[in-house]
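**Q**
Number of protein chains: 2
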Amino acid sequence: MLNFSYHSPTKILFGKDMEFEVGKEVANYGKKILLHYGGGSIKRIGLYDRVIDSLKKEGIEYIELPGVQPNPRLKLVRKGIEICKEEDIDLILAVGGGSVVDSAKAIGIGAKYDGDVWELFEKKAVPKDTIPVGVILTLPATGSETSNSTVVTNEETKVKVSVRSEIVRPAFAILNPETTYSLPKEQTSAGVSDIMAHIFERYFTNTRNVDLTDRLCEGTLRTLIKYAPIVLKEPNNYAARAEIMWTGTIAHNGILGLGREEDWASHKIGHEISAMYDTTHGVTLSIIFPAWMKYVYKNNVERFAQFAVRVFDVEADFNNPEVVALEGIRRLEEFFRSIGLPTTFKEAGIPTDKIDEMARRCISNSGGDSVGFFVKLYEKDVLEIYKLALE
Amino acid sequence: MLNFSYHSPTKILFGKDMEFEVGKEVANYGKKILLHYGGGSIKRIGLYDRVIDSLKKEGIEYIELPGVQPNPRLKLVRKGIEICKEEDIDLILAVGGGSVVDSAKAIGIGAKYDGDVWELFEKKAVPKDTIPVGVILTLPATGSETSNSTVVTNEETKVKVSVRSEIVRPAFAILNPETTYSLPKEQTSAGVSDIMAHIFERYFTNTRNVDLTDRLCEGTLRTLIKYAPIVLKEPNNYAARAEIMWTGTIAHNGILGLGREEDWASHKIGHEISAMYDTTHGVTLSIIFPAWMKYVYKNNVERFAQFAVRVFDVEADFNNPEVVALEGIRRLEEFFRSIGLPTTFKEAGIPTDKIDEMARRCISNSGGDSVGFFVKLYEKDVLEIYKLALE
């Protein structure tokens, strides 16, 4: 186990009707907020009205900034920063999925930064402060409601990159599983893939002696595998929606990666697909992860065999660990397909003629000459992984 | 899953040499601290000197209050409160095991309370504020380094009771597994029993649909069962000590009980043994838990069968769930004995002639007419559990 420092100060309010608490939570931070959301879905499910009621009850003034799109855009972030500076905003309230939360986080650090916010994403400076961000989550997926990162797309240059900083962990997060009942199947499935990917990026490590954390990862993965098919069949099943929603937070609040080297290559390889074709984040991950696994498993067959046995109940054949490892990867692909997710470019209908450019951009956007730690992947390796994912 | 609110703001610094960071952490809170510890053990292992060096480097002034005993005493708490008030202390630094941490927490809330601190333990008032508490942990057991509770014994009345409040979560906790190398075997084992008990109090619930959290509990228990024998055989095994130490925090930072009704009867039943005979807390739990399980398992055989199968690898015989459940309890007793812990009064050499009085006091100290939630236990039930634990 490696040394670590961990601080996850986000207050969580989880359960039915918890959105009615938002006014009181906000009041701890001030009287004037930026209300940030996407399109009509929070209005359609009545969440918008409940939030407004709760804010009004506490006398909170709110300025609205809707319009966040999936793969949130720099332009809207800049607009939010402008409003925050002009209006002296006390807190940014993100109501929606991970894109809204990431956009809010970017606005928060941008409003407290002297230069242009994109410099923080280009790693030309590190964020030192933020306007507090509160969250009402409606889509379990990115884990952004408690995480220490935000991902934004520069729509002009088609660059999708992240800022990682303890500064960006939200002040509070409200999670009501009922708000996820009306999610389309594709979003539910893509969310599950995203959550699994957050665990994989931590689980597949060469750091030894991380047994407790391995078990926490495995239990979280098993929960997803059990409940994803249930929520797809019974979208209004509270118990199952609650398991998926809480799993999304546990997967990415940091606790599953403590004391180990994490990887994050697959996220970066997937980001290039989103940047190029605006593909849903979770879909890029169900495509890239099996390919990544096939490319790297030989580097640590034991870990992939453990994954197969403990997560997918593959029989533990110690004479043939490689067979066990490959069966685990096969079952993961099967699982993704069973919940309606593509595992190749072809299945997703994504063009395949720009993979050279994507591999090149993946490395150049990383700021170094490689991505990942489980195995360091150079441009040629990233290209091979795209090729393995073609069909 | 029940609704919940969760906030665990303690900053964790985990790993080798992390105690050298203490001066910097303390400096975030002020310049004058109460340095609270037990006896000579922290000096014997050189920890005391390292802490003092780090404090001096940051120009921190410290007033020492040593002398904390296991089952920390009210008298010393009152003395600490006096010092804090007179000296205008900014932070209380607890260096030691759970007793030192609990004593520091009690001092922290007592110093900010107008009346006598014991009123907070008698539930005559609730704590509203505390002097911040920092921790350097040397004994993985009570989980007090991040928990929301403190337990103190009134040595005059022999009453051992707790305060639960979000206020008492420490500001930071430093955990270096190396500081646990020199622990006597009995303390290591009693610590493991205490950690397991914190999970049991949460795991054995009648709340349904708590699957993710069940799995996190089970993984944590399996880790303890695997590594406890290793640290007893190889006390300087860093990897194994690290697993046990981190397990102690995970077991009691609250995350394993979210969304479910917790029990806590066994702790209260065990507290009466400590209050009467000053028995080590973990030892009271290895005695009481198997007896409690035998007394209550019929109330929810399925849960005890799940425990047996998932934690102790008992074969899943669905035609005979009761047999499965009982085999799980038997294996737990066997495990406790294998790490040198008593599972009865007799094995522990504890007198058995005061169990009537202990049962009476257990209920009267609870402030109601029963303890526990998995099954509500009245005085006659508590007495029966003591009887099941006699030999």
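Line by line, the protein sequences give chains A and X. With the first sequence counted from 1, adding 456 to any position gets you the numbering used here. With the second sequence counted from 1, adding 456 to any position gets you the numbering used here. Virtual Cβ for every residue (Gly too), placed ideally from N, Cα, C. Since this is a predicted model, take the numbers as computed values, not measurements.
Identify which residue in Gly486/A, Leu844/A, Thr602/A and Val780/A has its Cα closest to the Cα of Lys802/A.
**A** Comparing Cα-Cα distances from Lys802/A to each of Gly486/A, Leu844/A, Thr602/A and Val780/A, the minimum goes to Leu844/A.
**Q** Using a beta-carbon distance cut-off of less than 8 angstroms, what residues from the stretch 698-710 of chain A approach chain X?
**A** Within the stretch 698-710 of chain A, the residues whose Cβ lies closer than 8 angstroms to some Cβ of chain X are Ala698, Glu699, Trp702, Thr703 and Ile706, listed in chain order.
**Q** For the putative contact between Ile587/A and Gly564/A, defined by C-beta atoms under 8 angstroms, what is the C-beta separation to the nearest angstrom?
**A** Contact flag correct, Cβ pair sits at about 4 angstroms.
**Q** Beta strand (DSSP E) containing Gly610/X: first to last residue?
**A** Checking the displayed sequence, the identity of residue 610/X turns out to be Asn instead of Gly. Asn610/X -> beta strand (DSSP E) spans Ser605 to Asn610.
**Q** Could you say which of His737/A, His463/A, His654/A and Phe470/A lies nearest to Met701/A if we only look at CA atoms?
**A** Cα-wise, what sits closest to Met701/A is Phe470/A.
**Q** Can you tell me where the beta strand (DSSP E) holding Lys488/X begins and where it ends?
**A** Start and end: Lys488 to Tyr493.
**Q** Under 8 angstroms, Cβ to Cβ, is there at least one residue of chain X near Gly590/A?
**A** No, Gly590/A lies away from the interface with chain X (no Cβ there is under 8 angstroms from its Cβ).
**Q** For the structure I just gave you, are there three or more beta carbon pairs, one from the stretch 617-626 of chain X and one from the stretch 513-523 of chain X, closer than 8 angstroms?
**A** No, the stretch 617-626 of chain X is not in contact with the stretch 513-523 of chain X.
**Q** Kindly list, in the order they appear in chain X, the residues whose Cβ is closer than 7 angstroms to that of Pro465/A.
**A** Correct list: Pro465.
**Q** What's the gap between the Cα of Glu690/X and the Cα of Cys673/A?
**A** If I take the Cα positions, the gap works out to 27 angstroms.
**Q** Listed from N- to C-terminal order along the chain, which residues in the stretch 674-688 of chain X have their beta-carbon within a distance smaller than 8 angstroms of any beta-carbon of chain A?
**A** So the close ones are Glu674, Gly675, Thr676, Arg678, Thr679, Lys682 and Tyr683.
**Q** Looking only at its own chain, which residues have a Cβ that is under 6 angstroms from the Cβ of Tyr753/X, when we skip the five neighbours before and after it?
**A** So the qualifying residues of the chain are Phe760 and Ala781.
**Q** At 8 angstroms on the CB atoms, spell out the chain A contacts of Gly553/X, in chain order.
**A** Per Cβ cutoff of 8 angstroms: no residues; Gly553/X is ~20 angstroms from chain A at best.
**Q** Using a Cβ-Cβ cut-off of less than 7 angstroms, list which residues of the stretch 470-483 of chain A approach chain X; keep chain order.
**A** Those would be Phe470, Gly471, Lys472 and Met474, in chain order.
**Q** May I have a chain-ordered list of the alpha helix (DSSP H) segments no shorter than 4 residues that lie completely inside the stretch 756-798 of chain A?
**A** Within the stretch 756-798 of chain A, the complete alpha helix (DSSP H) runs of at least 4 residues are 757-768 and 777-794.
**Q** Nearest to Asp473/X by alpha carbon, out of Val557/X, Thr466/X, Glu634/X and Ile501/X?
**A** The shortest Cα separation from Asp473/X among Val557/X, Thr466/X, Glu634/X and Ile501/X belongs to Glu634/X.
**Q** Are the C-beta of Asn692/A and some C-beta of chain X separated by less than 8 angstroms?
**A** So no, Asn692/A is outside the interface.
**Q** Using only the alpha-carbon positions, how far apart do Glu575/X and Thr736/A sit?
**A** Spanning the two alpha carbons is a distance of roughly 57 angstroms.
**Q** Since Gly715/A meets chain X, which of its residues come closer than 8 angstroms, beta carbon to beta carbon?
**A** Chain X residues near Gly715/A: Phe470, Gly471, Ala698 and Trp702.
**Q** Which chain A residues sit within Cβ distance under 7 angstroms of Ala695/X?
**A** Simply Met457 and Asn665.
**Q** Quick check: what's the CA-CA separation for Arg529/A versus Lys535/A?
**A** When rounded, the distance between both Cα atoms is 10 angstroms.
**Q** Identify the residues that DSSP records as bridge partners of Ala815/A: which are they?
**A** Its beta-bridge partners do not exist; DSSP assigns none.
**Q** Of all Cβ atoms in chain D, is any one closer than 8 angstroms to the Cβ of Arg671/A?
**A** Among the protein chains in the structure shown, which are A and X, there is no chain D.
**Q** Compute the Euclidean distance between the alpha carbons of Asp670/X and Lys541/A, then round it to the nearest angstrom.
**A** Those two C-alpha atoms are separated by around 46 angstroms.
**Q** Could you tell me which whole alpha helix (DSSP H) segments of length 4 or greater appear in the stretch 669-732 of chain X?
**A** If we require 4 residues or more, the alpha helix (DSSP H) runs fully inside the stretch 669-732 of chain X come out as 694-706.
**Q** Mind reading off the beta-carbon distance from Asp835/X to Ile819/X? Whole number of angstroms is fine, and I expect it under 8 angstroms.
**A** A small correction: the amino acid at residue 835/X is Glu; Asp does not occupy that position in the sequence shown. Yes, they are in contact, since the Cβ atoms of Glu835/X and Ile819/X sit about 5 angstroms apart, within 8 angstroms.
**Q** Need the endpoints of the beta strand (DSSP E) that Val524/A sits in, please.
**A** No beta strand (DSSP E) holds Val524/A; DSSP gives it neither H nor E.
**Q** On the three-state DSSP scale, how would you describe Ser600/X?
**A** Of the three classes helix, strand and coil, the one that applies to Ser600/X here is coil, per DSSP.
**Q** Verify the CB distance criterion: does Ser497/A have a CB-CB separation below 8 angstroms to chain X?
**A** It does not: the Cβ of Ser497/A has no partner Cβ on chain X nearer than 8 angstroms.
**Q** Which residue wins for smallest C-alpha separation from Ile548/A, given the options Val582/A, Ile498/A, Lys488/A and Ile725/A?
**A** Cα-wise, what sits closest to Ile548/A is Lys488/A.
**Q** Among Gly479/X, Glu657/X, Arg816/X and Gly496/X, whose alpha-carbon lies nearest the alpha-carbon of Ala707/X?
**A** Of the candidates Gly479/X, Glu657/X, Arg816/X and Gly496/X, the one whose C-alpha sits nearest the C-alpha of Ala707/X is Glu657/X.
**Q** Here's the rule: buried if 16 or more other CB atoms are within 10 angstroms of the residue's CB, otherwise exposed. What is Lys480/A?
**A** Lys480/A comes out exposed.
**Q** Is there contact between the stretch 822-842 of chain A and the stretch 732-751 of chain A, where contact requires at least three CB pairs shorter than 8 angstroms?
**A** They touch, by the three-pair rule.
**Q** Could you name the residues of chain A that Phe656/X contacts, counting a contact when the two beta carbons are closer than 8 angstroms?
**A** Result: empty, since nearest Cβ-Cβ is about 17 angstroms, beyond 8 angstroms.
**Q** Determine the burial state of Asp509/A: buried for a count of at least 16 other Cβ atoms within 10 Å of its Cβ, exposed for fewer.
**A** Burial call: exposed.
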